[in-house]
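>
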Amino acid sequence: MQTRRIGDEQISAIGLGGMPMSIEGRPDEQRSIETFHAALDAGVTFFDTADAYHRDADEVGHNESLFARALAAYGGDTSHVLVATKGGHLRPGDGSWTLNGSPEYLKKACDASLKRLGVEAIGLYQFHRPDPTVPYEESVGAIRDLLDAGKIRYAGISNATPERIRLSNEILGGRLVSVQNQFSPAFRSSEPELELCAELGIAFLAWSPLGGISKAADLGTAFAPFAEVAKAHGVSPQQVCLAWELAKAPVVIPIPGSTRPETIRDSVAAVDLKLSAEELAQLDAA
Ligand SMILES: NC(=O)c1ccc[n+]([C@@H]2O[C@H](COP(=O)([O-])OP(=O)(O)OC[C@H]3O[C@@H](n4cnc5c(N)ncnc54)[C@H](OP(=O)(O)O)[C@@H]3O)[C@@H](O)[C@H]2O)c1
252 MQTRRIGDEQ ISAIGLGGMP MSIEGRPDEQ RSIETFHAAL DAGVTFFDTA
302 DAYHRDADEV GHNESLFARA LAAYGGDTSH VLVATKGGHL RPGDGSWTLN
352 GSPEYLKKAC DASLKRLGVE AIGLYQFHRP DPTVPYEESV GAIRDLLDAG
402 KIRYAGISNA TPERIRLSNE ILGGRLVSVQ NQFSPAFRSS EPELELCAEL
452 GIAFLAWSPL GGISKAADLG TAFAPFAEVA KAHGVSPQQV CLAWELAKAP
502 VVIPIPGSTR PETIRDSVAA VDLKLSAEEL AQLDAA
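Those letters in the sequence shown? Residues 252 to 537, by this note's numbering.
1. Going straight from the alpha carbon of Gly369 to that of Ser527, what length do you get?
2. Given that a residue counts as buried once 16 or more other Cβ atoms are within 10 Å of its Cβ, and exposed if not, what is Glu414?
3. Count the other CB atoms within 10 Å of the CB of Arg255; is the residue buried (16 or more) or exposed (fewer)?
4. Does Gln431 pass the burial test, meaning 16 or more other C-beta atoms within 10 Å, or should it be called exposed?
5. Please find out if some non-hydrogen atom of ligand 1 comes closer than 6 Å to the beta-carbon of Ala290.
6. Going by DSSP, what residue range makes up the beta strand (DSSP E) through Lys337?
7. Give me the Cβ distance between Gly269 and Asp307, rounded to the nearest whole Å; I'm assuming they're in contact under 8 Å.
8. For Val503, I'd like the list of residues in its chain whose CB is within less than 7 Å of its CB, leaving aside the five on either flank, ordered along the chain.
9. Rounded to whole angstroms, what's the CA-CA distance from Thr336 to Thr300? Just pull it up for me.
10. Is there a Cβ of chain B sitting closer than 7 Å to that of Gly294, yes or no?
11. Can you round the beta-carbon distance between Leu333 and Asp382 to whole angstroms, since I take them to be within the 8 Å contact cut?
12. If we count the other Cβ atoms within 10 Å of its Cβ and call it buried at 16 or more, is Thr514 buried or exposed?
13. Quick check: is any heavy atom of ligand 1 less than 6 Å from the C-beta of Thr510?
14. Could you tell me the distance, in whole angstroms, from the CA atom of Gly326 to the CA atom of Glu529?
15. What are the partner residues of Asn420, as DSSP defines its beta bridges?
16. Out of Ala437, Lys402, Ala475, Ala360, point me to the one whose CA is closest to Gly462's CA.
17. Where do the ends of the beta strand (DSSP E) carrying Tyr405 lie?
18. Out of Gly471, Glu280, Thr472, Ser429, which has the shortest C-alpha to C-alpha gap to Ala319?
19. Roughly how many whole angstroms lie between the Cα atoms of Ala363 and Ser390?
20. Going by CA-CA distance only, name the one from Glu285, Gly338, Glu442, Gly346 that's closest to Ile274.
21. Give me the residue from Ser429, Ala520, Ile422, Ala323 with the minimum Cα distance to Ala449.
22. Restricting to Cα atoms, I'd like to know which of Glu285, Ala264, Gly258 is closest to Arg511.
23. Using CA coordinates, which residue listed in Ile506, Cys492, Lys366 is at the minimum distance from Val480?
24. Tell me where the alpha helix (DSSP H) around Asn314 begins and ends.
25. Which same chain residues, not among the five before or five after His340, have their C-beta less than 7 Å away from its C-beta?
26. Leu531: which of Gly508, Pro505, Asp523, Ala494 sits nearest, CA to CA?
27. Distance, Cα to Cα, Ser487 vs Ala478?
Structure below.
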């Protein structure tokens, strides 16, 4: 498995995103656990979750608990696994997503995530999304306090602008290890953040790397060059998409969501798919 770096950890270049296993339209738990185990079998050592990945109001942390159970139930070695979670988003249960970036809330949320994940320190804790009602410095200040208190091993942010990446790194005393932003053929406006992460040597975790749960299957239809390159290599357009993202910079780690063993296996194979400079240019222009 090709690896990339988060902090001082070498983790799989493709991670697994847990959101589709826990929100609306999720599969039964058995299938999710099989998918998680298929990812581990394929060499995935990076898993992305959030306390807000749940459907109903009374099941906060559904995905964190699922990940913890799946990890504990795996027969093989999991010592190199890094589980990343996030705080700052909430789901009241009516399908909406709300925000709370207050330091008090983030610290409580982190304690609850620690319990659900069953660890002494969270591998990577990410501030999920800026809350316009709370000064950004205060939210990131809470993440710094959690780092200083040893409750989290690494700190990250999500949905950030270049200015906020620089600011967060400053607040964290140079200890910002990752930025998780949306990036896919349909959503390329995070290029400046990706480039800044490459410059600073900070991991760039591409979320919804295939265009999101409802659009991932149609990637090859919506972006024909991805289907063309896929046909030439005898692989899926989704695999080409992940290989294209990996080729953007050595700091990029796509985190495709998956609810089936076959899709995560297919995604992982992207690490071995070599695209020519000509193909990459063709995809850039798609
Ligand atoms: N930080 C944030 O604000 C934020 C926001 C959204 C998402 N995220 C994170 O990013 C992760 C990924 O985003 P996402 O799940 O929204 O969208 P996505 O990864 O673009 O798409 C997920 C869908 O892609 C399908 N898929 C995966 N690999 C495939 C393959 N090789 N071939 C064909 N289909 C494939 C899966 O289908 P099957 O279900 O059939 O396997 C899944 O439903 C989330 O799980 C979450 O961890 C973060």
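Yeah, the Cβ is synthetic: ideal placement off N, Cα and C, and Gly gets one too.
Working from what's here:
1. 44 Å
2. exposed
3. buried
4. buried
5. no
6. 333-338
7. Their Cβ separation, rounded to whole angstroms, is 16 Å, which puts Gly269 and Asp307 out of contact at 8 Å.
8. Leu445, Phe455, Ala457, Glu496, Leu497
9. 5 Å
10. No chain B is present in this structure, which holds just one protein chain.
11. In fact, because the Cβ distance is near 26 Å, the residues do not count as touching under 8 Å.
12. buried
13. yes
14. 43 Å
15. Its beta-bridge partners do not exist; DSSP assigns none.
16. Ala437
17. 403-409
18. Glu280
19. 17 Å
20. Gly346
21. Ser429
22. Glu285
23. Cys492
24. 313-324
25. Ala301, Ala303, Trp348, Leu350, His379, Arg380
26. Ala494
27. 7 Å
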